[in-house]
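To start, the structure itself, in C-alpha cells.
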C-alpha cells in the first residue's frame, strides 16, 4: 500500500518539526528553571526605577564564564525610562577613548557634551548617555545598536576603530569568540539562547580554557592580557580581516540607524605619533641604518629628506620610520616627519593603534544618508604642536590628556551645531568658555594619571611588570585622587569633598561640583536643590531652572523650589511661567505671603 503525496508531506513535516519542537521546549524549560543569563544593555535603577542606566558589567555577555571577562565597565550614568517630550537624547558608542579613559565620564565625549549642551539648551531635558567601554570594537557597537534604538535617541555619536585587532572579539585578541566574521556574527545572535549557553558550559567541561588568559592575574593591565597575535604585518591575512570587519560592521551599524531615521555622527580617530615608539617592529637593513646616521649629522635638506623617506617607507620597518621621523622633526621638517611617524604607526606589528585604513573607511561611510563626519583627527592635528600629534595632547599611545579630550568633545559639539538637527542652539557655548569650565575635578586628573602610570609599567610599554612611578601627592586633591586609585574613595567622594572645600574660596568650582553631583544622581532631591539654589544665589538664572524642576520631579510639594523657579523666570521676563509657578505654590500653601505679594505686583 503506497502513501499518498499529501500524507507523505504531512509525515515529513511532523518528522522535521520534532527536533525543532524539542529544542523549543528545552529552551523554555531552561529559562523556566532559571538557567543561564540575560544581560540587557540597559537596566533599571533600583533606588529610582524611573531611571535606567547602562549595565556596568555588560561586557560579561560575551563570555560563558564571567571570570574570563576583562575587568572593564561602563561608568554609571542615568537617563529617564520615559523620554520627556522636551528631551534631547544622545548616545555615545565606542571604546576606551570614547569612554574618557583614564579620567572617567567627565572627560568623555558624553560627559563633556552633556555638561555643555545642558547650558546650550536650558529649557530642554538633555541626556548624553555613554555606552562606550574599554577594549571593545565594532562587534560590540553593532551588538548594542538595537537596544539603543529602543531608547529613542535623537542622535548617536561614534568614536571607534583602534580595537579591531586586539579588542574583545578582535581578530588578534585573546578574547575572540570565533575564527571568522560570519561565525562571530552568528555567535552574537545565539549568545542569549539558553541552549547555546548550555552547550558552551558542556564544551568548557571537556576542554581546558585558554592558558594565555588564565595565566594572567588580575594585577596585570588590560593591554597585557588582550594581545594573542603580537605580530600582524600589513600584508597579513589577520590585518585584512581586521580592516574588513570594521568596514562591514560599520555598514550594518549605519544601516540600522538609517532605517530608524537616527542621525549618526562618526568621528575620525587619532593617536600619538611623535612620542610613542612602535611596540613591535620588523628589523631594518644596514643601508637604512647608514642613511639614518647620515641624516642625523644634519644633512637633511628637503630633497634628500624626501628621497630618504621613500627608501625608509619601502623598508616597512616601524622602528626605522619612527627614528627617521625624529630626525626630520629635530631639523624642522615637520610635514615630512609626520609622514614618517604615520608610516611607523602603520607598520607597528602590535596593533594597539588603528592603521590609516580605519580613517579612510570612516570618511567613506560619511557619504551615507544620515551620517555626519566629525573630523577629530584634523582637529587634533590643528591643536598639536607643529601639526604632529604627540604628548602635548596624548598620555601614551592613544588616550588623550584633558586637552586632547576637550578637542574631541569640541569637534562633536561644533558638528552637532552645524548639522542643525536640533535647530538653532538657544545659547551656544564658545570653545573658549567651555574650556574654562570642564566637568572634571583636579582629583580625577591625578586619579587618571595614576592609572596611566600603572598602565605604562606593564606590557607592552615594559617587557615585564614594573613598579608604577606615581607623581608626588602635593595637594589635597592629589591625595584624594590617589585614594580613588587605591579604591579608598570614589567619584561621589571626590565631588562632595571638592564642593565642601571650594565653598567661599572658588565659586566656579563650587557651582560645577554642585551641578555635577545633581547630574550624576538626578533622583537625589538634596543635590538638585543645592545646585539650583547656588545657581540662583549667583544669578545664573538660565541654568537654575533645570535643577529646581528636578527637585519638583522628586518632591512635587517643595514650595521653596517653586518660588525660586518663579523668581528665575521673572528675571528672564517669562512672566507666564512666573505666574504659573506662583499659582502652584498657592495650591499647596494658600496663604504663602511671597506668592501672594508677587502675584499682586504682577496684577493677578
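Residue numbers (my numbering): -14 to 589. All C-beta atoms, glycine included, are put in the ideal place defined by N, C-alpha and C.
Return the first residue and the last residue of the alpha helix (DSSP H) that residue 319 is part of. Counting from one through the chain shown, the residue named residue 319 turns up at place 334. Counting along the chain, the alpha helix (DSSP H) containing residue 319 begins and ends at 319 to 331.
Among 171, 70, 151 and 264, whose alpha-carbon lies nearest the alpha-carbon of residue 213? Translated into positions along the chain shown, residue 213 becomes position 228. Cα-wise, what sits closest to residue 213 is 151.
Hey, is the region 297 to 306 in contact with the region 329 to 349, meaning 3+ C-beta pairs nearer than 8 Å? yes
How close, in whole Å, do the beta carbons of residue 258 and residue 323 come, if the pair is a contact with beta carbons under 8 Å? Taking the first residue of the chain shown as position 1, residue 258 is located at position 273. Taking the first residue of the chain shown as position 1, residue 323 is located at position 338. The pair is a contact, with the Cβ atoms about 7 Å apart (cut-off 8 Å).
Any 3 or more C-beta pairs closer than 8 Å across the region 127 to 144 and the region 550 to 570: no
What's the C-alpha gap between residue 71 and residue 110? For the purposes of this step, residue 71 is taken as the residue at position 86 of the chain shown. For the purposes of this step, residue 110 is taken as the residue at position 125 of the chain shown. Each residue's Cα considered, the two are about 6 Å apart.
Quick one: which unbroken alpha helix (DSSP H) runs of 4-plus residues sit fully inside the region 386 to 430? Chain order, please. 387 to 404 and 416 to 421
Output the distance between the C-alpha atoms of residue 245 and residue 76, rounded to the nearest integer angstrom. On the chain shown, residue 245 is found 260 positions in, with the first residue counted as 1. On the chain shown, residue 76 is found 91 positions in, with the first residue counted as 1. If you take the alpha carbons of residue 245 and residue 76, they lie about 14 Å apart.
How about residue 85 and residue 148: are their beta carbons less than 8 Å apart? Here residue 85 refers to the residue found at position 100 when the chain shown is read from its first residue. Here residue 148 refers to the residue found at position 163 when the chain shown is read from its first residue. Going by C-beta atoms, residue 85 is not nearer than 8 Å to residue 148.
Just to confirm, is the Cβ distance from residue 58 to residue 385 under 8 Å? The residue you call residue 58 lines up with position 73 of the chain shown. The residue you call residue 385 lines up with position 400 of the chain shown. Cβ distance not < 8 Å, so residue 58 and residue 385 don't count as in contact.
Within 10 angstroms of its Cβ, does residue 197 collect 16 or more other Cβ (buried), or is it exposed? Position 212 of the chain shown, counted from the first residue, corresponds to residue 197. Because the pLDDT of residue 197 is 48, which lies under 50, any placement of that residue in the model is unreliable, and the number read from its coordinates should be weighed accordingly. The residue in question, residue 197, is exposed, as its Cβ has fewer than 16 Cβ neighbours within 10 Å.
Hey, could you find the ends of the alpha helix (DSSP H) residue 72 is sitting in? As a working note, residue 72 is residue 87 in the chain shown. Per DSSP, residue 72 belongs to no alpha helix (DSSP H); it is in the beta strand (DSSP E), 72 to 79.
Determine, using beta-carbon pairs with one atom in the region 286 to 294 and one in the region 401 to 419, whether at least three such pairs fall under 8 Å. no
If you draw a straight line from the C-alpha of residue 405 to the C-alpha of residue 140, how long is it? Along the chain shown, read from residue 1 onward, the residue named residue 405 stands at position 420. Along the chain shown, read from residue 1 onward, the residue named residue 140 stands at position 155. Each residue's Cα considered, the two are about 12 Å apart.
State the CB to CB distance for the pair residue 127 and residue 234, rounded to an integer number of angstroms; the pair is presumed to be in contact (CB under 8 Å). As a position in the chain shown, residue 127 is number 142, starting the count at 1. As a position in the chain shown, residue 234 is number 249, starting the count at 1. Yes, residue 127 and residue 234 are in contact; Cβ-Cβ is about 5 Å, under 8 Å.
In whole angstroms, give me the CA-to-CA distance for residue 210 and residue 556. Start at 1 with the first residue of the chain shown, and residue 210 comes out as number 225. Start at 1 with the first residue of the chain shown, and residue 556 comes out as number 571. Roughly 58 Å between the two C-alpha positions.
Tell me which same chain residues have a C-beta within less than 6 Å of the C-beta of residue 458, skipping the five on either side of it? Counting from 1 along the chain shown, the entry for residue 458 is found at position 473. Taken in chain order, the residues that qualify are 464 and 467.
Between the C-alpha atoms of residue 130 and residue 247, what's the straight-line distance to the nearest angstrom? Residue numbering aside, residue 130 sits at position 145 when the chain shown is read from its first letter. Residue numbering aside, residue 247 sits at position 262 when the chain shown is read from its first letter. When rounded, the distance between both Cα atoms is 11 Å.
Alpha carbon to alpha carbon, what distance is there between residue 251 and residue 175? Translated into the one-based positions of the chain shown, residue 175 becomes position 190. Translated into the one-based positions of the chain shown, residue 251 becomes position 266. Whole-angstrom Cα-Cα distance: 28 Å.
Please report the residue range of the beta strand (DSSP E) in which residue 598 lies. Outside the shown range of the chain, which is -14 to 589, sits residue 598, and nothing can be said about it.
At least three beta-carbon pairs within less than 8 Å, the region 511 to 527 to the region 89 to 102: no
Around the C-beta of residue 498, are 16 or more other C-beta atoms found within 10 angstroms, so that it is buried, or is it exposed? Numbered from 1 along the chain shown, position 513 holds the residue referred to as residue 498. Classification of residue 498: buried, given that the 10 Å Cβ count is 16 or more.
Where does the unbroken alpha helix (DSSP H) through residue 462 begin, and where does it stop? Residue 462 sits at position 477 when you count from the first residue of the chain shown. Taken as a continuous stretch (DSSP letters only), the alpha helix (DSSP H) holding residue 462 covers 461 to 470.
Would you kindly report the start and end of the unbroken beta strand (DSSP E) that includes residue 140? What you label residue 140 is simply residue 155 of the chain shown in a count that begins at 1. That run of the beta strand (DSSP E) goes 140 to 144.
Quick one: give me the first and last residue of the beta strand (DSSP E) that residue 38 is part of. What you label residue 38 is simply residue 53 of the chain shown in a count that begins at 1. First-last of the beta strand (DSSP E) with residue 38: 36 to 39.
What number of angstroms, rounded off, separates the C-alpha of residue 286 from the C-alpha of residue 347? Indexing the chain shown from 1 puts residue 286 at position 301. Indexing the chain shown from 1 puts residue 347 at position 362. Spanning the two alpha carbons is a distance of roughly 36 Å.
How far does the beta strand (DSSP E) with residue 115 in it extend, from its first residue to its last? Taking the first residue of the chain shown as position 1, residue 115 is located at position 130. Looking at the DSSP string, the run of the beta strand (DSSP E) that includes residue 115 is 110 to 115.
Do you know offhand how far residue 537's Cα is from residue 154's? Counting from 1 along the chain shown, the entry for residue 537 is found at position 552. Counting from 1 along the chain shown, the entry for residue 154 is found at position 169. Near 45 Å, if we compare the C-alpha coordinates of residue 154 and residue 537.
Taking residue 414 and residue 105 to be in contact with their CB atoms under 8 Å, please state how far apart those CB atoms are, rounded to whole angstroms. For this step, residue 414 is matched to residue 429 along the chain shown. For this step, residue 105 is matched to residue 120 along the chain shown. The Cβ separation is near 6 Å, so the contact holds.
Below 8 Å CB to CB, which residues in the same chain sit around residue 281 once its five sequence neighbours on both sides are set aside? Taking the chain shown and counting its residues from 1, one reaches residue 281 at position 296. For residue 281, where only same-chain residues beyond five positions count, the Cβ hits under 8 Å are 312.
Looking at the structure shown, is residue 229 part of a helix, part of a strand, or coil, going by DSSP? Within the chain shown, the letter at position 244 stands for residue 229. Helix.
Output yes or no for whether 8 Å exceeds the beta carbon distance between residue 39 and residue 116. In the chain shown, the residue the question calls residue 39 occupies position 54. In the chain shown, the residue the question calls residue 116 occupies position 131. Yes, they are a contact pair.
Where residue 398 and residue 242 are concerned, what is the direct C-alpha to C-alpha distance, given to the nearest angstrom? Here residue 398 refers to the residue found at position 413 when the chain shown is read from its first residue. Here residue 242 refers to the residue found at position 257 when the chain shown is read from its first residue. Going by the C-alpha atoms only, they are around 20 Å apart.
Just how far apart, CA to CA, sit residue 475 and residue 403? As a working mapping, residue 475 is identified with position 490 in the chain shown. As a working mapping, residue 403 is identified with position 418 in the chain shown. In a straight line, the C-alpha of residue 475 is about 37 Å away from that of residue 403.
Alpha carbon to alpha carbon, what distance is there between residue 342 and residue 310? For this step, residue 310 is matched to residue 325 along the chain shown. For this step, residue 342 is matched to residue 357 along the chain shown. If I take the Cα positions, the gap works out to 21 Å.
Are the beta-carbon atoms of residue 360 and residue 253 separated by less than 8 Å? Within the chain shown, the letter at position 375 stands for residue 360. Within the chain shown, the letter at position 268 stands for residue 253. Cβ distance < 8 Å, so residue 360 and residue 253 count as in contact.
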